[in-house]
Structures are given as structure tokens and as C-alpha cells.
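**Student:** In my numbering, the protein residues as written are 1284 to 1802.
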């Protein structure tokens, strides 16, 4: 890593800086991170004195008041969700610019719809502003979970983009962008349901100006138990095993008062405060400002009303409920929930329809939760790849399986819906989405581009390669982040991530949302 110095801001450099270390290096030296803290690059460098005395008093104070910016939630649908079978996908005129080629009624087959379900034959559903196919299982789930009095304050859009199928290699993870645009949490910057750097299944989106920080890596919250322990130290033995746990405990035990006094001209409280400000002991005093019993309250009325008392029993809500709670309290700036299984290799459509119904239901529950608190929410929906359709001798195969289960519940299965059977992965059709809820606003207040679509599809549903987002998942992540900022009138803050706003070159194409929330 020849040019590693350029990734270090000058105010953080000092004469003892070594080359950056990998995670393996950290673990090998017996160091650890708590669920709500990051402990320093090395015990030796902390205790050298010069590191802390040289920079400690200049480190920024960690925020104690909740951010006024809109909570940001990323839903990572692993495996390749066929969202093009939910949201209407159109040409360069937007969602409702249907892909009709010389009267060819087969141009939506790759989205899963035979000619009788072509959008021109079945009126699209715009109950949430963004256009859904009337047969969309995601829409069914969304409507089932979210009371209708909130629908008019929801809007959103889609991004036409081809991504690699069923892989973690798509750089769609946006969590580490959020601290860069000044949306922060009072306990940690962000949380995710996995231990990946993105907090989800996909990898981190590109970092063009080197703004990412180890301190902005998401902490894991995959359950209510982990949410309640956000500022507590992790179970070293369970997480790292006995040898590393012993080294960590030994290193921590050596942080005695005589060693701390090596920090020139600083008393012990000031030394601890300097370590805290620099992020090394960020959770050290947080249990006093945010008592552990307040970090997550599973009996909160709004939580139970939205997610139910049994939220911990479903893979779709186990992490979603506690992460939503932490976001609503301002304890975290951003959250990511990853759920897998969106690819299906059984050759039917009833199973992928069922899981996309649950995805819509989960999104609806989350909006309901924030709406019940009178709070706004931005949701970014991402997935890796897509699903193909099944043909025999050129004829589209249709699944007409009947629905089953109890309607308006998470376990409902909408059946085949008369849509195409799906044999497995495909990446020729790509669709990422975003939804915004702003209390007190009507739908037209949220959108400036009524097309509600970034990019476009050709006939047969292939992504048109005419915008920078077409075949670049990292650009898709940045374009969705741009919508989040536009919703708050903060479009220029995209420069904090990109260095310059290259979306202005085709501004009308990329500016879907508009200011609807005052920060």
C-alpha cells in the first residue's frame, strides 16, 4: 500500500505513525472493538504519550444530541430479488414510459409478466407515488403492514442498474457515507445486522476521497440482545476464542494509573476524556449518558404495535425492530438489515413472490413504526442481481399457484399470481429502490421528477447503458444517497462523499426527490 499516507488526514498524523494495519493485524496484537466502541490502533501507541498528547485535545467531541437529519435505513435483500416484478420499469421517460416495441406484448416477460399482465393492460398502482405493478407481492406486503392514513406521505423511486447476481461483490453498501454527510448517532455512527464492513451482505460503496474511517464501521446489531448491549464489551471468549481473549484482557489490565500519567501535563480524567474524544474509549463513559436499560426497550408501545411482541421470532424483523428503535432514538445515525434467500432455484414464482411480499411487509412495518412517532424515514432497498424467467420452447411458463396463509400477516403467501416461473439467477434486469416517508407532507411535496426512475430499460427489460449508474453499483449507491440529501435540501453535501457533484451533469435524470424536511 505504497500511498497509504494520502488516506490519513494531516491532523491525525504524528511522528510514530506506521503503515495501516489489517483487521488480522489488530486481532493478532490482542486488540478488540466493543459493540459500541473502537479501541486504539495499538496499546503501545496509546501509551507512548506522544500520540495522545499530540492530538488528543484536538479530537472532535462526540455528539450528545440526536441528529436533526432523517434516519437512514438500508435493506439489503441478498441473493437477487426480482424487484423489477414489483416496481414498474420504463424507458427514458420514466416508470410509465412503457417498453412497447411495435405493439409487442412480450416486452415485459423478463420482468415476469405475460401479455395479459402488461402494464398497459393492468393499471399501475401509485398508492405510494412510485408506480408498482398491481400484482406486485412487495406492494401487497407494504399495503398489508402500513395503515392507509400514511400512504399519501410516502414516495420514492427506482434505479435501473445491472448488478452481479447472488454475490457479495456489489459495492452497494452506503452506511459509511452517512457520517460523512453529518448524520450521526449519539452512541455509534451506524449499525448493521452482519459483521461485514457494510453492515449487510454487499460490500462498501466506493470511497473516492478517502473519507471512510475505522470509527464509522458499523457495529453489529442482529437481535434485541445485541441492541441492549450496544455500549457494553462483547463476549471475548465467544467472539475471538481463548488465546486472543487472554491477550486482550492482559492488555486492558495493563492500563493502570502510572502508565496513563505518561501523558504529559494531563491528569487522569483529562487523559480518559482525550481517549474518549479520539474514539479509542468511546463507550467508556456512554453507559452514564445512555443507561444500558434505556438502550433498547422491547416493551415500548410503538415497537410492539408495529412489529409485534414476537418480532424476535422472524428473520425479517429480528434485527429490523431493534435497529429501527435505535434509529428512532438517535442512538445510531444509520442502520442496515440484511436478509437472504431472495434467489429461488425451484422453478416456480410462488416462493420468490412470498419472500418479496415479506420484504414489502417489513418495509411497511418500519414506516408504520416511524410514522407512529411522527418521525420521517428514508429507506434504501438494494439487492445483488435479479432472477430470470422460465421458458419452454420459447413459451413463458406461468405459475398460478393459489395463495395461502392468513392475509395481512408476515406469513401470508400470495401464490404464483399468474406471473412467470423463475428458474434462478440473472443480472440482465436490475432494479434498486428507495422510499421516503415525511409526516405531514402530501405525495407531491416529496418529488421533483415525476418519472421516479433513474436510468432506463430497453425493450425486453435490458438496462440501457446511457447513465453512469447503468452498470456501476457504486454509482447506484451514490445516486440513492443523493436522493436522501435532496429530500432534506442538502444536495451539495454529496461533495463530502464524491469531492464534486458529478450528478449535476445530467441533473434532471438524477434528481428524483426534493426538499420536504427542514434540518
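Ideal Cβ positions, reconstructed from N, Cα and C, are used throughout, including at glycine.
(1) Mapping DSSP to helix, strand and coil, what is residue 1444?
(2) Could you pull the start and end residues of the beta strand (DSSP E) that residue 1752 belongs to?
(3) Could you check what DSSP says for residue 1684 in three-state terms: helix, strand or coil?
(4) Among 1461, 1400, 1452, which one has its Cα closest to the Cα of residue 1479?
(5) Helix, strand or coil: which one does DSSP assign to residue 1607?
(6) Following the continuous alpha helix (DSSP H) through residue 1761, name the residue where it begins and the one where it ends.
(7) Who pairs with residue 1664 in a beta bridge, going by DSSP?
(8) Counting Cβ pairs, one atom from each stretch, are 3 or more of them under 8 Å apart for the region 1419-1431 and the region 1695-1705?
(9) Mind listing, in chain order, the continuous alpha helix (DSSP H) runs of no fewer than 4 residues lying wholly within the region 1455-1494?
(10) If you check the beta carbons only, do residue 1673 and residue 1703 fall under 9 Å apart?
(11) Would you mind reading off the limits of the beta strand (DSSP E) that contains residue 1409?
(12) Can you say whether residue 1551 is buried or exposed, counting buried as having 16 or more other CB atoms within 10 angstroms of its CB?
(13) What three-state label does DSSP hand residue 1638 in the structure shown?
(14) Roughly how many angstroms lie between the CA atoms of residue 1653 and residue 1778, to the nearest whole one?
(15) Classify residue 1459 as buried or exposed, calling it buried when 16 or more other Cβ atoms lie within 10 Å of its own Cβ.
(16) Assuming the contact rule is C-beta atoms closer than 8 Å, residue 1370 and residue 1405 should be a hit. Round their C-beta distance to whole Å, please.
(17) For residue 1725, count the other beta carbons within 10 Å of its own beta carbon; 16 or more makes it buried, fewer makes it exposed. Which is it?
(18) What residue range does the beta strand (DSSP E) around residue 1632 cover?
(19) Assuming residue 1665 and residue 1649 are in contact, meaning their beta carbons sit under 8 Å apart, how far apart are those beta carbons, in whole angstroms?
(20) Are the Cβ atoms of residue 1684 and residue 1390 separated by less than 9 Å?
(21) Take every Cβ of the region 1675-1692, pair it with every Cβ of the region 1353-1364, and state whether three or more of those distances are shorter than 8 Å.
(22) For the alpha helix (DSSP H) containing residue 1738, list its first residue and its last residue.
(23) Cβ atoms of residue 1463 and residue 1645: under 9 Å apart, would you say?
(24) Compare the beta carbon distance of residue 1751 and residue 1758 with 9 Å and say whether it is the shorter of the two.
(25) Please go through the same chain and pick out, in chain order, the residues whose beta-carbon is closer than 7 Å to the beta-carbon of residue 1393, but skip the five residues on each side of it.
(26) Going by DSSP in three states, residue 1513 sits in which element: helix, strand or coil?
(27) Compute the Euclidean distance between the alpha carbons of residue 1639 and residue 1487, then round it to the nearest angstrom.
(28) Alpha carbon to alpha carbon, how far is residue 1424 from residue 1632? Give it in angstroms, no decimals.
(29) Span of the alpha helix (DSSP H) holding residue 1621?
(30) Return helix, strand or coil for residue 1789, following the three-state DSSP convention.
(31) What are the start and end residues of the alpha helix (DSSP H) that includes residue 1496?
(32) What's the C-alpha gap between residue 1518 and residue 1735?
(33) Can you check which of these residues, 1472, 1760, 1576, is closest to residue 1512 by C-alpha distance?
(34) If you compare alpha carbons, which of 1688, 1349, 1353 is closest to residue 1798?
(35) Look up residue 1415 in the DSSP assignment and give the residues it is bridged to.
(36) Can you tell me whether DSSP reads residue 1568 as helix, strand or coil?
**Tutor:** Short version:
(1) Here residue 1444 refers to the residue found at position 161 when the chain shown is read from its first residue. Here residue 1444 sits in coil by DSSP.
(2) Locating residue 1752 in the chain shown gives position 469, where the first residue counts as 1. Premise fails: residue 1752 is in no beta strand (DSSP E) and is neither H nor E.
(3) For the purposes of this step, residue 1684 is identified with residue 401 of the chain shown, where counting begins at 1. It is coil, neither helix nor strand.
(4) Taking the first residue of the chain shown as position 1, residue 1479 is located at position 196. It is 1452.
(5) Here residue 1607 refers to the residue found at position 324 of the chain shown. Residue 1607 falls in the helix class under three-state DSSP.
(6) What you label residue 1761 is simply residue 478 of the chain shown in a count that begins at 1. Per DSSP, residue 1761 belongs to the alpha helix (DSSP H) from 1756-1769.
(7) Along the chain shown, one-based indexing puts residue 1664 at 381. For residue 1664, which the question treats as bridged, DSSP gives the partners 1358, 1716.
(8) yes
(9) 1460-1463
(10) Within the chain shown, residue 1673 is the residue found at index 390, counting from 1. Within the chain shown, residue 1703 is the residue found at index 420, counting from 1. Cβ distance < 9 Å, so residue 1673 and residue 1703 count as in contact.
(11) As a working note, residue 1409 is residue 126 in the chain shown. Run containing residue 1409: 1408-1411, per the beta strand (DSSP E) assignment.
(12) Reading the chain shown from its first residue, position 268 is the one you call residue 1551. Note that residue 1551 has pLDDT 43, beneath the 50 cutoff, so the model's placement of it is unreliable and the number below is only indicative. By the 10 Å Cβ count, residue 1551 comes out exposed.
(13) Counting from one through the chain shown, the residue named residue 1638 turns up at place 355. DSSP places residue 1638 in helix when its eight states are reduced to three.
(14) The count along the chain shown starts at 1 and reaches residue 1653 at position 370. The count along the chain shown starts at 1 and reaches residue 1778 at position 495. Near 29 Å, if we compare the C-alpha coordinates of residue 1778 and residue 1653.
(15) On the chain shown, position 176 is the one that residue 1459 refers to. Buried: at least 16 other Cβ atoms inside 10 Å.
(16) As a working note, residue 1370 is residue 87 in the chain shown. As a working note, residue 1405 is residue 122 in the chain shown. The pair is not a contact, with the Cβ atoms about 14 Å apart (cut-off 8 Å).
(17) On the chain shown, residue 1725 is found 442 positions in, with the first residue counted as 1. With fewer than 16 other Cβ atoms within 10 Å, it is exposed.
(18) For the purposes of this step, residue 1632 is identified with residue 349 of the chain shown, where counting begins at 1. Run containing residue 1632: none; DSSP gives neither H nor E here.
(19) Position 382 of the chain shown, counting from 1, holds the residue named residue 1665. Position 366 of the chain shown, counting from 1, holds the residue named residue 1649. Not confirmed; about 15 Å, so no contact.
(20) The residue you call residue 1684 lines up with position 401 of the chain shown. The residue you call residue 1390 lines up with position 107 of the chain shown. Not a contact, by the Cβ cut-off of 9 Å.
(21) no
(22) As a working note, residue 1738 is residue 455 in the chain shown. Here residue 1738 belongs to no alpha helix (DSSP H), and DSSP marks it neither H nor E.
(23) For the purposes of this step, residue 1645 is taken as the residue at position 362 of the chain shown. For the purposes of this step, residue 1463 is taken as the residue at position 180 of the chain shown. Cβ distance not < 9 Å, so residue 1645 and residue 1463 don't count as in contact.
(24) The residue given as residue 1751 occupies position 468 in the chain shown. The residue given as residue 1758 occupies position 475 in the chain shown. In contact: residue 1751 and residue 1758 (Cβ atoms closer than 9 Å).
(25) The sequence position of residue 1393 within the chain shown is 110, counting from 1. So the qualifying residues of the chain are 1672, 1711, 1712, 1743, 1744.
(26) By 1-based counting over the chain shown, the position of residue 1513 is 230. Coil at residue 1513, not helix or strand.
(27) Taking the first residue of the chain shown as 1, we reach residue 1639 at position 356. Taking the first residue of the chain shown as 1, we reach residue 1487 at position 204. Roughly 24 Å separates the two Cα atoms.
(28) One-based indexing of the chain shown puts residue 1632 at position 349. One-based indexing of the chain shown puts residue 1424 at position 141. Distance between the alpha carbons of residue 1632 and residue 1424 is about 16 Å.
(29) Along the chain shown, one-based indexing puts residue 1621 at 338. Here residue 1621 belongs to no alpha helix (DSSP H); instead the beta strand (DSSP E) covers 1615-1622.
(30) As a working mapping, residue 1789 is identified with position 506 in the chain shown. In the structure shown, residue 1789 sits in a helix (DSSP, three-state: H, G or I).
(31) Numbered from its first residue, the chain shown carries residue 1496 at position 213. Per DSSP, residue 1496 belongs to no alpha helix (DSSP H) and is neither H nor E.
(32) Within the chain shown, numbered from 1, the residue matching residue 1518 stands at position 235. Within the chain shown, numbered from 1, the residue matching residue 1735 stands at position 452. Because residue 1518 carries a pLDDT of 41, less than 50, the predicted location of this residue cannot be relied on, and no value is offered for it.
(33) Locating residue 1512 in the chain shown gives position 229, counting from the first residue. Taking only the C-alpha atoms, the option nearest residue 1512 is 1576.
(34) Counting from one through the chain shown, the residue named residue 1798 turns up at place 515. Residue 1798 has its Cα closest to that of 1353, out of 1688, 1349, 1353.
(35) Residue 1415 sits at position 132 when you count from the first residue of the chain shown. Answer is 1370, 1408.
(36) Residue numbering aside, residue 1568 sits at position 285 when the chain shown is read from its first letter. For residue 1568, the predicted model reports a pLDDT of 38, less than 50, meaning its position is unreliable; a value from the coordinates is still stated below. Here residue 1568 sits in coil by DSSP.
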